[in-house]
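J.: Protein chains in written order, with this note's numbering: chain G, 1 to 132; chain X, 1001 to 1132; chain U, 2001 to 2132; chain R, 3001 to 3132.
For each residue, glycine too, the CB sits at the ideal point set by N, CA and C.
All of these numbers come straight from a predicted model, not from anything done at the bench.
First the structure, which I've put down as structure tokens, then a few questions once you've had a look.
4 protein chains.
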Amino acid sequence: MHLILDLDSEAPIYQQIRDRVVEAIAEGRLAAGASLPSTRQLAVDLAINFHTVNKAYDLLRREGIIRISRKSGAVVRPDAGQGPAEPQAVADWERRARTLLAEAVVRGVPREELVDRIRVALDGFGVGRGDT
Amino acid sequence: MHLILDLDSEAPIYQQIRDRVVEAIAEGRLAAGASLPSTRQLAVDLAINFHTVNKAYDLLRREGIIRISRKSGAVVRPDAGQGPAEPQAVADWERRARTLLAEAVVRGVPREELVDRIRVALDGFGVGRGDT
Amino acid sequence: MHLILDLDSEAPIYQQIRDRVVEAIAEGRLAAGASLPSTRQLAVDLAINFHTVNKAYDLLRREGIIRISRKSGAVVRPDAGQGPAEPQAVADWERRARTLLAEAVVRGVPREELVDRIRVALDGFGVGRGDT
Amino acid sequence: MHLILDLDSEAPIYQQIRDRVVEAIAEGRLAAGASLPSTRQLAVDLAINFHTVNKAYDLLRREGIIRISRKSGAVVRPDAGQGPAEPQAVADWERRARTLLAEAVVRGVPREELVDRIRVALDGFGVGRGDT
DNA sequence: GTGGTCTAGACCACT
DNA sequence: GTGGTCTAGACCACT
């Protein structure tokens, strides 16, 4: 799994790892059931502290996106994106989406362009397309 | 201007203020040219320190969303959302949107529902609709 | 005298007035001995408080750039830009110039471009050209 | 890094710190990639509050001149002064330069002396000389 | 009356 | 150990 960090960003590294993994799953680069690199391996690859990778994986586990076991390490949950989403998580997501959309509107991005950009992004995601 | 904070949220208070103001502008509750409460006043209303409000207003100013002067306090920029958006800001926005969309996809929100929710949110925004 | 203010700027209005007057003198739009508008007139033209204009004029007077008398109001000093500059003022000016140049260099403006831009600016100034 | 403040100056302390750091980078005393003192350390050295240093560093970060991380503290961006300067920033810079030059002209500094002083200042800057 | 700056100290987040 | 956030209060600058 290739994964690019932006050390200049104000976003914490563990959050960036979490975000990139989520994107990789959405894009289909990380299939359901696939293994993530070991925390130590990824830490070496990214030249960061292994506790930071640990924190990212733990976050993904708590979000129900991956499973972690001593035997098989971290794997993408086979049912990720299958069952209905948790109402609580969806409500929270919707609030964040609202803020993000409001920002674009206030910045003067035309609605058509906005919807287009969202469509393009969604088209890049192979998971959950309904034809799976 | 009514504005609700979540003190339990991990999002800093100043960021929440910024987000709520942006939403209020997008919704049309805060019109272009309208005054925001003074930093001290809003601090009293929200039962927080005025420096925190200051930081939020300063952030909005640097984003080009409000104008601040010692004379007239903070006002929504009359040209907010008028001119074309800055490419840099739009690129940054798109990255954040991608991450957010990926999360929804991975959580199993169907695409139709996703697009619907976005449409509903956009319909709640009065600004920049083109027919104004 | 036409004079444009930027109310969005963080620079105080009195400082902007002072700066614009200095530029007008350098450009030759305000000749040595010429009268400035009365403080009340300028305040009306700029839609600002007349105390603010007063403060700007007082600053120009203290800098030795204009003379103020009850009889003839504010006039550009006839000897502005004639005699040798005050060493103290020049030293102070040089420090500010150093900071400004350092900023351009750090931002990556090539030296040739830097010198060119300065030359162009100086060419727009009619006063003190030596051929007067 | 040695750095001298003028507590009597009307320029805010955080701005002075920012200006001195920019000069140190232009002079080559602070190389690309070099570390700045920690906010707390510099505050002790300058006998000021660490929040003031924080504000200066935050300003430098927003200007894209330094990078800040909790791990390695503040470092001069390796690419500072490398890529082409932002047009917006250059336009703003040019306006300030115009005002500064006008002031010198009005004060009676001869053009030759003016250009000489600028050349001398630029010669003191090791960064971006093209022959490096 | 408004925002801006500075000091001071507490506590937290990240690595 | 580093920076980030928040509170608190004083004083100043601008209009």
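Could you give the residue range of the beta strand (DSSP E) that holds residue 1075 of chain X?
T.: Its beta strand (DSSP E) spans residues 1073-1076.
J.: Can you list the residues of chain G that residue 3069 of chain R reaches, using a CB-CB cut of under 7 Å?
T.: In chain order: 7.
J.: Using 7 Å as the limit for Cβ to Cβ distance, is residue 18 of chain G near chain X?
T.: No, because no Cβ of chain X sits closer than 7 Å to the Cβ of residue 18 of chain G.
J.: When you compare only the Cα positions, how much space is there between residue 3065 of chain R and residue 2104 of chain U?
T.: Rounded to the nearest angstrom, the two C-alpha atoms are 12 Å apart.
J.: Strictly below 8 Å CB to CB, what residues from chain X border residue 125 of chain G?
T.: Ordered by position in chain X, the residues that pass the 8 Å Cβ test against residue 125 of chain G are 1101, 1102, 1105.
J.: For the putative contact between residue 76 of chain G and residue 31 of chain G, defined by C-beta atoms under 8 Å, what is the C-beta separation to the nearest angstrom?
T.: Indeed they touch by this definition, with Cβ atoms about 7 Å apart.
J.: Can you name the residues that DSSP bridges to residue 1061 of chain X?
T.: DSSP output for residue 1061 of chain X lists no bridge partner at all.
J.: With DSSP collapsed to three states, give me the class of residue 2004 of chain U.
T.: In the structure shown, residue 2004 of chain U sits in coil (DSSP, three-state: anything other than H, G, I, E or B).
J.: Could you give the DSSP three-state label for residue 3029 of chain R: helix, strand or coil?
T.: Reduced to three states, the DSSP call for residue 3029 of chain R is coil.
J.: Kindly give me the distance between the Cβ atoms of residue 3059 of chain R and residue 3117 of chain R, rounded to whole angstroms, as I take these residues to be in contact under 8 Å.
T.: Actually they do not touch by this definition, with Cβ atoms about 27 Å apart.
J.: Starting from the Cα of residue 1037 of chain X, find the closest Cα among X/1026, X/1027, X/1023, X/1054 and give me that residue.
T.: Closest option to residue 1037 of chain X, Cα to Cα, is X/1054.
J.: Report the residue from G/1, G/5, G/39, G/25 whose alpha carbon sits nearest the alpha carbon of residue 69 of chain G.
T.: Among G/1, G/5, G/39, G/25, the Cα nearest to that of residue 69 of chain G is on G/39.
J.: Nearest CA to the CA of residue 7 of chain G: which residue from R/3071, R/3095, R/3094, R/3102?
T.: Ranking R/3071, R/3095, R/3094, R/3102 by Cα distance to residue 7 of chain G puts R/3071 first.
J.: Looking at the C-beta of residue 1023 of chain X, does it have a partner C-beta in chain G at a distance below 7 Å?
T.: Yes, its Cβ sits closer than 7 Å to a Cβ of chain G.
J.: When you compare the CB of residue 3095 of chain R with every CB in chain U, is at least one pair closer than 7 Å?
T.: No, its Cβ sits nowhere closer than 7 Å to a Cβ of chain U.
J.: Taking only three categories from DSSP, how would you classify residue 1132 of chain X?
T.: Summary for residue 1132 of chain X: the model assigns pLDDT 44, below 50, so the residue's position carries little reliability, and this model does not support an answer.
J.: So residue 1097 of chain X packs on residue 1025 of chain X, CB below 8 Å; how close in whole Å?
T.: Between residue 1025 of chain X and residue 1097 of chain X the Cβ distance is about 19 Å, and since that is not below 8 Å, they are no contact.
J.: Please classify residue 2041 of chain U: is it buried, with 16 or more other beta-carbons within 10 angstroms of its beta-carbon, or exposed?
T.: Classification for residue 2041 of chain U: exposed.
J.: Mark residue 107 of chain G as exposed unless 16 or more other C-beta atoms lie within 10 angstroms of its C-beta, in which case mark it buried.
T.: Per the 10 Å Cβ criterion, buried.
J.: Leaving out the 5 sequence neighbours to the left and right, which residues in its chain are closer than 6 Å to residue 1102 of chain X when beta-carbon positions are compared?
T.: Here the set comprises nothing.
J.: Are residue 2052 of chain U and residue 2004 of chain U close, meaning C-beta to C-beta below 7 Å?
T.: No; because the gap between Cβ atoms is not below 7 Å, this pair is not in contact.
J.: With a CB to CB cut of under 6 Å and the five nearest residues on each side skipped, what residues in its chain are close to residue 16 of chain G?
T.: Excluding positions up to five away in sequence, the list reads 5.
J.: Which residues in the same chain have their Cβ closer than 8 Å to the Cβ of residue 9 of chain G, if we skip the five residues on either side of it in sequence?
T.: Closer than 8 Å at Cβ, skipping near neighbours: 16.
J.: Out of R/3011, R/3043, R/3027, R/3073, which has the shortest C-alpha to C-alpha gap to residue 3035 of chain R?
T.: Out of R/3011, R/3043, R/3027, R/3073, R/3073 has the C-alpha closest to the C-alpha of residue 3035 of chain R.
J.: For residue 1124 of chain X, collect the residues of the same chain with a Cβ closer than 7 Å to its Cβ; drop the 5 residues on either side in sequence, then sort them by chain order.
T.: The answer, listed in chain order, is 1027.
J.: Please work out which residues of its chain come closer than 6 Å, Cβ to Cβ, to residue 1114 of chain X, disregarding the five sequence neighbours upstream and downstream, and give them in chain order.
T.: Cβ within range, chain order: 1104.
J.: Short of 7 Å in beta carbon distance, which residues of its chain neighbour residue 3132 of chain R, apart from the five on each side in sequence? Order them along the chain.
T.: Residue placement at residue 3132 of chain R is flagged as unreliable, the pLDDT there being 44, under the threshold of 50; a coordinate-derived value is accordingly withheld.
J.: For residue 68 of chain G, which of helix, strand or coil comes out of DSSP?
T.: Strand at residue 68 of chain G.
J.: Which residues of chain U have a Cβ atom closer than 9 Å to the Cβ of residue 3066 of chain R, listed in chain order?
T.: Within 9 Å Cβ-Cβ: nothing; residue 3066 of chain R doesn't reach chain U, min ~10 Å.
J.: With distances taken Cα to Cα, identify the nearest neighbour of residue 91 of chain G among X/1001, X/1011, X/1109.
T.: Of the candidates X/1001, X/1011, X/1109, the one whose C-alpha sits nearest the C-alpha of residue 91 of chain G is X/1109.
J.: Between residue 2026 of chain U and chain R, is any beta-carbon pair separated by less than 7 Å?
T.: Output row for residue 2026 of chain U: interface = yes.
J.: Are the C-beta of residue 53 of chain G and some C-beta of chain X separated by less than 7 Å?
T.: No - not a single Cβ of chain X is within 7 Å of the one on residue 53 of chain G.
J.: Should residue 1061 of chain X be flagged as near chain G, meaning a C-beta pair shorter than 7 Å?
T.: It does not: the Cβ of residue 1061 of chain X has no partner Cβ on chain G nearer than 7 Å.
J.: Return the first residue and the last residue of the alpha helix (DSSP H) that residue 79 of chain G is part of.
T.: Careful: residue 79 of chain G lies outside any alpha helix (DSSP H) and carries neither H nor E.
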